[in-house]
Amino acid sequence: MDATDYDVVHAHVPHMGLLLIVGLFLMRRFAALRSSLVYTVQDSFYDYKLRNQAMMVLALAFFKRVIFCSQAAFDSL
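Just so we're aligned, residue 101 is where the sequence shown starts under the working numbering, counting upward by one.
So this is what it looks like as structure tokens:
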């Protein structure tokens with residue numbers, strides 16, 4: 101993550117979103133890359149397992165931009 105500047109750093113599953121946040125904090129790169137972070141929600145929140153719901157909520161708290169693939173996905177959150 102130190103190699104270059106990034107336009108977009110994208111995650112679209114809860115566990116990768118959370119791991120990305122943790123990794124960036126550990127590398128002390130979160131502040132520098134936060135504006136590049138994008139998370140895509142691809143399904144209704146209630147379709148995720150409880151574990152993944154918890155990880156998604158944590159990840160969404162830190163991602164600057166969130167994209168929903170459908171109105172149903174947006175409404176469910």
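Even glycine gets a Cβ: it sits at the ideal position worked out from N, Cα and C.
Just so it is clear, the structure is predicted and the values come from calculations on it, not from any experiment.
| Check | Outcome |
| --- | --- |
| Candidates Phe145, Phe125 and Val138: closest to Ile167 by CA position | Val138 |
| Residue from Leu160, Val141 and Ile121 whose Cα sits closest to the Cα of Ala132 | Ile121 |
| Alpha helix (DSSP H) segment containing Val166, residue limits | Looking at the DSSP string, Val166 is not in any alpha helix (DSSP H); the run it does join, the beta strand (DSSP E), is Arg165 to Phe168. |
| Of the residues Arg165, Met155 and Leu150, the one placed nearest Leu119, counting alpha carbons only | Met155 |
| Endpoints, the beta strand (DSSP E) within which Leu137 is located | Leu137 to Val141 |
| Val108 - partner residues in DSSP beta bridges | According to DSSP, which records beta bridges pairwise, Val108 is partnered with nothing at all. |
| Cβ pair Gly117, Phe174 closer than 8 angstroms | no |
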